[in-house]
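So the structure is just underneath, and the comments pick up after that.
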Ligand SMILES: C[S@@+](CC[C@H](N)C(=O)[O-])C[C@H]1O[C@@H](n2cnc3c(N)ncnc32)[C@H](O)[C@@H]1O
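Residue numbers (the working numbering): 2 to 378.
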């Protein structure tokens with residue numbers, strides 16, 4: 002599909018999802034999209050194939066685990082891809098055996114390169130099937146010599162298509178690279194989530210900042226905060242920001258990023274939003290503005306219920322990367338007493354079927370009045 006046609010199709014899909022959730026048609030803005038769809042992806046993950054001394058790197062062919070070697074990839078940052086391929090050539094010279102999907106033998110499964118937004122700093126993660134005293138030091142040294150600022154090792158023994166496993170250790174260089182988005186600096190470790198599109202990260206950040214308002218005496222809740230991607234740049238507009246995130250690495254990165262940027266009024270609560278938000282409400286916590294950027298599965302019923310029945314913020318900015326979750330969450334939030342005010346799709350993943358959507362909700366005045374008068378919702 003031609004790029005412009007993709008954008009129109011994605012807007013229709015968002016319109017359809019929102020209409021399904023609301024039960025009536027709704028206007029949706031044109032996608033915020035880059036002029037040029039190429040070169041935006043900053044996280045480059047290449048699977049390893051071939052043989053020891055003659056490694057290849059690329060992507061799995063559809064529905065198989067056969068590595069199709071690539072020499073470039075148009076949606077990815079060109080320097081990042083070239084760097085990843087250079088690393089694979091170095092691993093090849095070292096004689097590292099590739100992991101064999103069929104037999105489960107071999108070591109090197111993938112290499113992941115992250116390019117710092119706005120800084121170009123390079124972070125490398127070697128994905129290995131097991132620990133290896135023989136190759137770990139050499140792979141780490143090779144990546145550092147090639148120009149990586151930060152090197153990590155990921156151990157992935159599972160039989161699955163996932164690119165990487167859950168165990169990760171810092172192996173050399175700096176623990177974090179620096180990224181900069183719309184003037185905010187972030188310190189990012191290899192294990193933490195960071196937005197993967199250069200254009201998308203900026204557009205998303207700008208849109209959320211535009212809708213977040215400001216309340217010098219109010220509190221902002223940044224739910225599913227990662228390293229405080231939204232909360233950090235908004236901290237100067239609120240008395241306090243509370244960020245909730247389950248990943249230890251992202252939480253630690255958020256604390257480091259706040260210290261590095263001199264932001265003192267943000268605190269991070271590590272744990273599932275389900276339990277952190279429950280504890281926050283039990284202690285009488287309130288919020289003026291809430292940002293919720295859940296994973297693909299969307300809001301759990303428990304979190305949606307707490308947002309609509311107990312927290313009822315003046316503004317709820319909801320970010321979705323999945324159309325089914327968007328439809329369901331629009332239904333749950335509006336039935337729970339919020340009113341959908343605006344919908345802005347963002348082109349995060351050009352040349353794929355995925356689309357990111359930002360939606361602004363406010364309390365439904367009729368339901369809010371009924372609630373004040375003690376009426377049933
Ligand atoms: C789509 S990412 C968004 C992160 C951040 N808002 C950003 O823009 O960089 C979703 C985040 O939610 C976290 N997460 C997923 N499920 C969670 C849960 N139940 N409670 C807390 N955090 C969760 C993930 O670790 C991830 O960092």
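Quick reminder that beta carbons are idealized off the backbone N, C-alpha and C, glycines included.
This one's a predicted model, so the numbers in the text were calculated from it and none came from an experiment.
Taking the straight line between their C-alpha atoms, what separation do you get for residue i and residue j?
i           : j           : result
residue 168 : residue 250 : 12 Å
residue 351 : residue 201 : 10 Å
residue 359 : residue 96  : 47 Å
residue 88  : residue 140 : 9 Å
residue 178 : residue 194 : 13 Å
residue 257 : residue 267 : 11 Å
residue 377 : residue 367 : For residue 377, the predicted model reports a pLDDT of 45, less than 50, meaning its position is unreliable; a value from the coordinates is still stated below. Near 12 Å, if we compare the C-alpha coordinates of residue 367 and residue 377.
residue 356 : residue 52  : 37 Å
residue 371 : residue 116 : 51 Å
residue 306 : residue 313 : 10 Å
residue 289 : residue 224 : 13 Å
residue 364 : residue 339 : 4 Å
residue 69  : residue 50  : 8 Å
residue 66  : residue 183 : 38 Å
Regarding residue i and ligand 1, is the C-beta to nearest heavy atom distance less than 7 Å?
i           : result
residue 307 : no
residue 96  : no
residue 296 : yes
residue 261 : no
residue 245 : yes
residue 227 : yes
residue 273 : yes
residue 200 : no
residue 90  : no
residue 196 : yes
residue 156 : no
residue 231 : yes
residue 248 : yes
Quick check on this structure: which residue in the options has the alpha carbon closest to the alpha carbon of residue i?
i           : options            : result
residue 221 : 57, 316, 20        : 316
residue 111 : 47, 120, 76        : 47
residue 36  : 3, 241, 271, 70    : 3
residue 192 : 30, 154, 268, 301  : 154
residue 56  : 72, 63, 217        : 72
residue 244 : 292, 75, 213, 260  : 292
residue 199 : 348, 26, 17        : 348
residue 234 : 203, 246, 248, 253 : 203
residue 40  : 80, 246, 302       : 80
residue 157 : 109, 287, 180, 135 : 109
Distance cutoff 8 Å, beta carbons only. Does residue i sit that close to anything in chain C?
i           : result
residue 325 : Protein chains in the displayed structure number just one, and chain C is not present.
* Asked: With a cut-off of 8 Å, do at least 3 Cβ pairs link the segment 174 to 188 to the segment 127 to 137?
  -> no
* Does the segment 317 to 325 come close enough to the segment 280 to 298 that 3 or more CB-CB pairs lie under 8 Å? -> yes
* Do the segment 170 to 185 and the segment 88 to 105 meet, that is, are 3 or more Cβ pairs less than 8 Å apart? -> no
* Between the segment 78 to 94 and the segment 132 to 149, do at least 3 Cβ pairs fall closer than 8 Å? -> yes
* **Stretch pair the segment 274 to 286 + the segment 206 to 213: three plus CB contacts closer than 8 Å** => no
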